Amino acid sequence: MSEDGGGLTRRQLLGLAGAATAGAVAPAAARAQTPKADGPPKRGGTIAIRGVDPLHFDPMLTSSFKTHTALAFTHSRLVRHKAGPGVTPGTFPIEGDLAESWMQPNETTYVFKLRRGVRWQPKPPVNGRELTAEDVRYSLERFLTVPGNVLASTLRFVERVEAPDRSTVRVTLKEPSAWFLDMLAAPMAVAIVPKECVERFGDLKKAEACVGSGPWMLDGYKPNQSLSFVRNPNYFVPGLPYIDRVEAAVDEDAASRMSSFIAGKWDIGYDGGVVFRTEWAQIRDALRQRRPTLRTTDVLMNIMSHVSMRTDAPPFNDVRVRRAISLAVDRQAIMDATSEGTGALNPPVPAGLKDWSLPVGQLGDGARYYKRDLAEARRLLSAAGHGNGLPANVCFTTYGSAILVDQAQLILAQLKEAGIDARLDQKEYGAYFSTCFVGKFDSMAFGPQSNFLEPDGYLAQYLPGEARNQSRVEDAVATDLILRQRRTLDPTKRREIVHALQRHLAAQQYYVSIHSGLSVAVWESALKNYGPNLGYDLGGRLTAAWLDR
Amino acid sequence: MLRRYLARRLLVAVPSLLIATAIVFTLPRLIPGDAVQLMLAETSYAKDIDELRAKLGLDRPFHVQYVEWLGRAARGDLGESLWTRRPVVQELAQRLPVTGELALYATLIALLIAVPVGVLAAARQDSLSDYVVRSLAILGLSVPGFWLATLLIVLPAIWWGWRPVTGFVEFRADPLGHVVQLVLPAVILGVASAAALMRLTRGMLLEVLRQDYVRTAWAKGLAERAVVIKHGLRNAVIPVITLLGTQLPQILGGTVVIETIFGLPGVSRFLFDAINQRDYPVIQGVNLLVVSTVVLVNLAVDALYAVLDPRIRY
Numbered sequence: 011m012s013e014d015g016g017g018l019t020r021r022q023l024l025g026l027a028g029a030a031t032a033g034a035v036a037p038a039a040a041r042a043q044t045p046k047a048d049g050p051p052k053r054g055g056t057i058a059i060r061g062v063d064p065l066h067f068d069p070m071l072t073s074s075f076k077t078h079t080a081l082a083f084t085h086s087r088l089v090r091h092k093a094g095p096g097v098t099p100g101t102f103p104i105e106g107d108l109a110e111s112w113m114q115p116n117e118t119t120y121v122f123k124l125r126r127g128v129r130w131q132p133k134p135p136v137n138g139r140e141l142t143a144e145d146v147r148y149s150l151e152r153f154l155t156v157p158g159n160v161l162a163s164t165l166r167f168v169e170r171v172e173a174p175d176r177s178t179v180r181v182t183l184k185e186p187s188a189w190f191l192d193m194l195a196a197p198m199a200v201a202i203v204p205k206e207c208v209e210r211f212g213d214l215k216k217a218e219a220c221v222g223s224g225p226w227m228l229d230g231y232k233p234n235q236s237l238s239f240v241r242n243p244n245y246f247v248p249g250l251p252y253i254d255r256v257e258a259a260v261d262e263d264a265a266s267r268m269s270s271f272i273a274g275k276w277d278i279g280y281d282g283g284v285v286f287r288t289e290w291a292q293i294r295d296a297l298r299q300r301r302p303t304l305r306t307t308d309v310l311m312n313i314m315s316h317v318s319m320r321t322d323a324p325p326f327n328d329v330r331v332r333r334a335i336s337l338a339v340d341r342q343a344i345m346d347a348t349s350e351g352t353g354a355l356n357p358p359v360p361a362g363l364k365d366w367s368l369p370v371g372q373l374g375d376g377a378r379y380y381k382r383d384l385a386e387a388r389r390l391l392s393a394a395g396h397g398n399g400l401p402a403n404v405c406f407t408t409y410g411s412a413i414l415v416d417q418a419q420l421i422l423a424q425l426k427e428a429g430i431d432a433r434l435d436q437k438e439y440g441a442y443f444s445t446c447f448v449g450k451f452d453s454m455a456f457g458p459q460s461n462f463l464e465p466d467g468y469l470a471q472y473l474p475g476e477a478r479n480q481s482r483v484e485d486a487v488a489t490d491l492i493l494r495q496r497r498t499l500d501p502t503k504r505r506e507i508v509h510a511l512q513r514h515l516a517a518q519q520y521y522v523s524i525h526s527g528l529s530v531a532v533w534e535s536a537l538k539n540y541g542p543n544l545g546y547d548l549g550g551r552l553t554a555a556w557l558d559r
Numbered sequence: 019m020l021r022r023y024l025a026r027r028l029l030v031a032v033p034s035l036l037i038a039t040a041i042v043f044t045l046p047r048l049i050p051g052d053a054v055q056l057m058l059a060e061t062s063y064a065k066d067i068d069e070l071r072a073k074l075g076l077d078r079p080f081h082v083q084y085v086e087w088l089g090r091a092a093r094g095d096l097g098e099s100l101w102t103r104r105p106v107v108q109e110l111a112q113r114l115p116v117t118g119e120l121a122l123y124a125t126l127i128a129l130l131i132a133v134p135v136g137v138l139a140a141a142r143q144d145s146l147s148d149y150v151v152r153s154l155a156i157l158g159l160s161v162p163g164f165w166l167a168t169l170l171i172v173l174p175a176i177w178w179g180w181r182p183v184t185g186f187v188e189f190r191a192d193p194l195g196h197v198v199q200l201v202l203p204a205v206i207l208g209v210a211s212a213a214a215l216m217r218l219t220r221g222m223l224l225e226v227l228r229q230d231y232v233r234t235a236w237a238k239g240l241a242e243r244a245v246v247i248k249h250g251l252r253n254a255v256i257p258v259i260t261l262l263g264t265q266l267p268q269i270l271g272g273t274v275v276i277e278t279i280f281g282l283p284g285v286s287r288f289l290f291d292a293i294n295q296r297d298y299p300v301i302q303g304v305n306l307l308v309v310s311t312v313v314l315v316n317l318a319v320d321a322l323y324a325v326l327d328p329r330i331r332y
């Protein structure tokens, strides 16, 4: 059993299945577990949150968090990340969602047993019919084959999906993939969708096509304004969810969000349950006065910004130049200036992923490049033939974030002190996203990266051929280690490889990452059995929570 | 005569609209990154990009796309959003009333502030009230709308734990609440326009008040109100009306930020998102609407000249 008496963690599961032994895995019912301190659960009530306006409602046609955040309330997956106060933020134990249990008869085969009697939400065109293995097979097939699914590559190692009977799904992989269950559990992964909706609407973009088997049903959608969700009477975990309605008001303006939160409009932090540190510093005193019953805890984010470089051409193909850049950047000063001095330095796997990130102090020889040393930076530049200065351009977009602008300006100033005359090449968001974000720049780029809940997503940016490989890294050692960790099912051995990989990459400095901020998870004390975490699965984190007011 | 003039102006507006649509069609396609690249983002592969581009009709020659869009637009079909697949006309029909209403209130507020204050400043030239009003006008011109909006939202929350209405209240649901929610954003939008209009009203009225026929009116013993309002203001107001016509694009531009801050689901915010996403049909549809509105408003302003000044004939 897992730590809090619920289902098995992914690590425990792989420990059982890693040696290719066939073994049934217990179902997960952790969501119904309730800490005694919160008293007996209460049904009813409406929780108010800050929503984001979905791009559309087809989870397989966008990687936008705006769509996936909304669908975390309405759709189920085969497996999911466990949620609740017992889960440490930054860790992601896996439990069954639609899958009651699963087994791994060999390294490349997974057999999922579905819960029986699961029904779709009572909305047309599905009208609450039973959800079967064929629906799961259809969803996986669509995920892998629908044109325009940017996330399909996350499961590109899947060879075939079969539904031998109404409650069994068999997935065969082309090669062992240690992250398979993590990929399925991620809130951006395969939402199980009904075929009837795709047939009726052509795709799932329209709000009418938003029919799932998740804890809440989409009850209303007003573009740019709000989403409302109502309890799904057919939800497959008896008694859940406890909260009857979720009202999500769209608010795209930072000042407006802060004032709404101070005024008590929302029950949890307005960025998926958290408030970023710099904004927290602005509203903390007002909140103490106006909302003294709020509960808080610090959460280290997995949002990681970095400087990327064209390492396939001079001057950045010279490791001395890359190390000099890393030594020139004063990460602590940036953290002090833009995150109120809180946060953690990021090795290649962000510190927010506690199970996999190696603390900077344990990076071996590479650790020294995370601490500013201007003299050494100048010496390295001089040794590389740039003693008279190194001109560079830094491709950048603001993302509408003053913090990011400050960070970019600080980095430029710090590089200048080392003799690197870097100029900001600011682009409009769309232009940046379609060029510099995918490695189409001449010199350097700076900005935040996509977020993942497992390390493999971050490591992929070191793999040749990956569009996320902004720095165009071609490193045989790194490639070998990345592929090896993907094939290593034993979590302990895999962690050793991931750590070795981080040590190697730290010394190479293909990307010069800065810190991740410590955000404040905040929620109304009337919200019980709630535990914050990273990721978009707010719906999952609220499923077993209740309101006591 | 006026009818012929308006018909002629409408005819002249057609090439203007065509040029505007061609520019609007071209410019978003010239900036790097198209909708497909943004949709597929980091994990895209050449085959996916080509397939999706073909599916969305973006692989055809530019001029073919333009002519086809123009033909459909002439029939009232502005196409579908590349991202949401919702018809652009339907989206505009939902959002236009919000922006239209906001712009109307902002214009009314601008006029309600500008004209009386401008008249007062002119009638009391170089008095304390004139100086105060002129200083306020400079302040109104200088203060950015987004900054004012931010203050008006944040400070009440910090001081009293209160913030203006969040979320859009539809007229059908609560007529009073609907209007009330638009007052604050309309005031913010109207202030800058009011400042410009007030300064022009004052300046024009001062000039008119120095004319001989005004001196005659004073000599006849008419009351100040009659001299300033009836003889002075009516003749001074034509440039103000002209400026009002040119203020409309500025007010519409201002709504982009104001709609975002106040959470209003209007056209401007829709356009802003569409530009970020390279949603060409939406960009084209909204801009066609804006250009048409500006042309029509300026036409209406021209027609108003004749009403305000009977000497003007077309």
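The listed protein sequences derive, respectively, from chains G and R.
Residue numbers 11 to 559, in this note's numbering, belong to the letters of the first sequence in order.
Residue numbers 19 to 332, in this note's numbering, belong to the letters of the second sequence in order.
Even glycine gets a Cβ: it sits at the ideal position worked out from N, Cα and C.
The structure presented is a predicted model; accordingly, all values stated were derived computationally and were not measured.
Reduced DSSP secondary structure (H/G/I, E/B, other) of Q519 of chain G:
In the first sequence, residue 519 of chain G corresponds to position 509, counting from 1. Of the three classes helix, strand and coil, the one that applies to Q519 of chain G here is coil, per DSSP.
DSSP three-state label for S163 of chain G, please.
Counting from 1 along the first sequence, the entry for residue 163 of chain G is found at position 153. Three-state DSSP puts S163 of chain G in a helix.
Distance check for C405 of chain G and I430 of chain G, CA to CA, integer angstroms please.
Taking the first sequence and counting its residues from 1, the one referred to as residue 430 of chain G is at position 420. Taking the first sequence and counting its residues from 1, the one referred to as residue 405 of chain G is at position 395. Rounded to the nearest angstrom, the two C-alpha atoms are 15 Å apart.
Short CB-CB distance (under 7 Å) between L200 of chain R and chain G
Taking the first residue of the second sequence as 1, we reach residue 200 of chain R at position 182. No, its Cβ sits nowhere closer than 7 Å to a Cβ of chain G.
At least 3 beta-carbon pairs within less than 8 Å: the region 430-439 of chain G vs the region 474-494 of chain G
no
Can you tell me whether K73 of chain R is helix, strand or coil according to DSSP?
By 1-based counting over the second sequence, the position of residue 73 of chain R is 55. In the structure shown, K73 of chain R sits in a helix (DSSP, three-state: H, G or I).
Could you tell me how far apart the beta carbons of E218 of chain G and R287 of chain G are, in whole angstroms, since I believe they sit closer than 8 Å?
In the first sequence, the residue the question calls residue 218 of chain G occupies position 208. In the first sequence, the residue the question calls residue 287 of chain G occupies position 277. Not really, about 40 Å apart at Cβ, beyond 8 Å.
Using alpha carbons as the reference points, say which of G:D68, G:W226, G:S367 lies closest to Q131 of chain G.
The sequence position of residue 131 of chain G within the first sequence is 121, counting from 1. Among G:D68, G:W226, G:S367, the Cα nearest to that of Q131 of chain G belongs to G:W226.
Pick from G:A264, G:L297, G:T155: whose alpha carbon is nearest that of D281 of chain G?
Taking the first residue of the first sequence as position 1, residue 281 of chain G is located at position 271. The option with the nearest alpha carbon to D281 of chain G is G:A264.
Which of the three DSSP states is assigned to K205 of chain G in this structure?
For the purposes of this step, residue 205 of chain G is taken as the residue at position 195 of the first sequence. K205 of chain G falls in the helix class under three-state DSSP.
Extent of the continuous alpha helix (DSSP H) to which F186 of chain R belongs:
Residue numbering aside, residue 186 of chain R sits at position 168 when the second sequence is read from its first letter. Here F186 of chain R belongs to no alpha helix (DSSP H), and DSSP marks it neither H nor E.
Does L70 of chain R have its Cβ less than 7 Å from a Cβ in chain G?
On the second sequence, residue 70 of chain R is found 52 positions in, with the first residue counted as 1. Taking Cβ atoms only, chain G reaches closer than 7 Å to L70 of chain R, which makes this a yes.
Run through chain G and tell me which residues come within less than 7 Å of P105 of chain R, C-beta to C-beta.
Translated into positions along the second sequence, residue 105 of chain R becomes position 87. What P105 of chain R touches in chain G: nothing, since even the nearest Cβ is about 11 Å away.
In the structure shown, what three-state DSSP assignment does T352 of chain G receive?
Sequence index remark: in the first sequence, residue 352 of chain G carries index 342 (1-based). Reduced to three states, the DSSP call for T352 of chain G is coil.
Enumerate in chain order the residues of its own chain whose CB-to-CB distance from R38 of chain R is below 6 Å, with the five nearest sequence positions on each side excluded.
Working through the second sequence from its first residue, we reach residue 38 of chain R at position 20. The sequence shown places Ala at residue 38 of chain R, rather than the Arg named in the question. Excluding residues within five positions, the ones whose Cβ falls inside 6 Å are V309.
Residue burial classification, K52 of chain R (beta-carbon count within 10 angstroms, cutoff 16)
Walking along the second sequence from the start, residue 52 of chain R turns up at place 34. Note on residue identity: the sequence assigns Asp, not Lys, to residue 52 of chain R. D52 of chain R should be labelled buried.
Pull up the CB-CB distance for P186 of chain G and R494 of chain G, whole angstroms please, since I reckon it's below 8 Å.
Within the first sequence, residue 186 of chain G is the residue found at index 176, counting from 1. Within the first sequence, residue 494 of chain G is the residue found at index 484, counting from 1. Actually they do not touch by this definition, with Cβ atoms about 11 Å apart.
Going by beta carbon distance, what residues of the same chain come within less than 8 Å of G371 of chain G, once the five residues before and after it are set aside?
For the purposes of this step, residue 371 of chain G is taken as the residue at position 361 of the first sequence. So the list reads A377, once near-sequence residues are dropped.
What separation, rounded to the nearest whole angstrom, lies between the Cα atoms of Q292 of chain G and G274 of chain G?
As a working mapping, residue 292 of chain G is identified with position 282 in the first sequence. As a working mapping, residue 274 of chain G is identified with position 264 in the first sequence. C-alpha separation (whole angstroms): 16 Å.
Could you give the first and the last residue of the continuous alpha helix (DSSP H) run that contains A488 of chain G?
On the first sequence, residue 488 of chain G is found 478 positions in, with the first residue counted as 1. A488 of chain G -> alpha helix (DSSP H) spans 486-497.
At the level of alpha carbons, what is the spacing between A36 of chain G and L88 of chain G?
If you number the first sequence from 1, residue 36 of chain G lands on position 26. If you number the first sequence from 1, residue 88 of chain G lands on position 78. In this prediction, A36 of chain G has a pLDDT of 38, which is less than 50 and means its spatial position is unreliable; what the coordinates show is noted afterwards. Taking the straight line joining both Cα atoms gives about 14 Å.
Beta-carbon of P95 of chain G versus every beta-carbon of chain R: anything under 7 Å?
What you label residue 95 of chain G is simply residue 85 of the first sequence in a count that begins at 1. It does not; no Cβ of chain R falls within 7 Å.
For chain R, check one thing: does any of its Cβ atoms lie closer than 7 Å to the Cβ of Q235 of chain G?
Counting from one through the first sequence, the residue named residue 235 of chain G turns up at place 225. True, the Cβ-Cβ gap to chain R drops below 7 Å.
For W87 of chain R, is the classification buried or exposed, using 16 other Cβ atoms within 10 angstroms of its Cβ as the cut-off for buried?
Taking the second sequence and counting its residues from 1, one reaches residue 87 of chain R at position 69. Looking at its Cβ environment, which holds 16 or more other Cβ atoms inside 10 Å, W87 of chain R is buried.
Would you say H316 of chain G lies against chain R (beta-carbon separation less than 7 Å)?
As a first step, residue 316 of chain G must be located in the first sequence, where it is residue number 306. Chain R contact via Cβ: absent.
Under a three-way DSSP split, which group does T282 of chain G fall into?
Counting from one through the first sequence, the residue named residue 282 of chain G turns up at place 272. It should be noted that the sequence gives Gly, not Thr, for residue 282 of chain G. Here G282 of chain G sits in coil by DSSP.
Please classify R170 of chain G as buried or exposed, where buried requires at least 16 neighbouring CB atoms within 10 angstroms.
Start at 1 with the first residue of the first sequence, and residue 170 of chain G comes out as number 160. Result: exposed.
Contact with chain G by F189 of chain R, beta-carbon distance below 7 Å:
For the purposes of this step, residue 189 of chain R is taken as the residue at position 171 of the second sequence. So no, F189 of chain R is outside the interface.
Using 8 Å as the threshold, is the region 302-320 of chain R in touch with the region 199-216 of chain R, meaning 3 or more CB pairs across them?
no
Would you list the one or two residues that DSSP bridges to E140 of chain G?
Taking the first residue of the first sequence as 1, we reach residue 140 of chain G at position 130. In DSSP, E140 of chain G forms a bridge with G:R129.
Compute the Euclidean distance between the alpha carbons of L373 of chain G and H525 of chain G, then round it to the nearest angstrom.
The sequence position of residue 373 of chain G within the first sequence is 363, counting from 1. The sequence position of residue 525 of chain G within the first sequence is 515, counting from 1. Rounded to the nearest angstrom, the two C-alpha atoms are 15 Å apart.
Helix, strand or coil for E257 of chain G? Go by DSSP, reduced to three states.
For the purposes of this step, residue 257 of chain G is identified with residue 247 of the first sequence, where counting begins at 1. Here E257 of chain G sits in strand by DSSP.
Three CB pairs or more closer than 8 Å across the region 207-215 of chain R and the region 258-266 of chain R:
yes
For A306 of chain G, return the contacting residues in chain R, with the cut-off set at a CB-CB distance below 9 Å.
Counting from one through the first sequence, the residue named residue 306 of chain G turns up at place 296. Per the sequence presented here, residue 306 of chain G reads as Thr, with Ala not at that position. Near T306 of chain G there are no residues of chain R at all, since even the closest Cβ is about 18 Å away, more than 9 Å.
Go through its chain and collect everything with a Cβ distance to V97 of chain G's Cβ below 7 Å, but skip five positions before and after it.
Position 87 of the first sequence holds residue 97 of chain G. Closer than 7 Å at Cβ, skipping near neighbours: P103, G541, N543.
By a C-beta neighbour count over all protein chains shown, 10 Å radius and 16 as the cutoff for buried, is T102 of chain R buried or exposed?
Along the second sequence, one-based indexing puts residue 102 of chain R at 84. Buried, since its Cβ has 16 or more Cβ neighbours within 10 Å.
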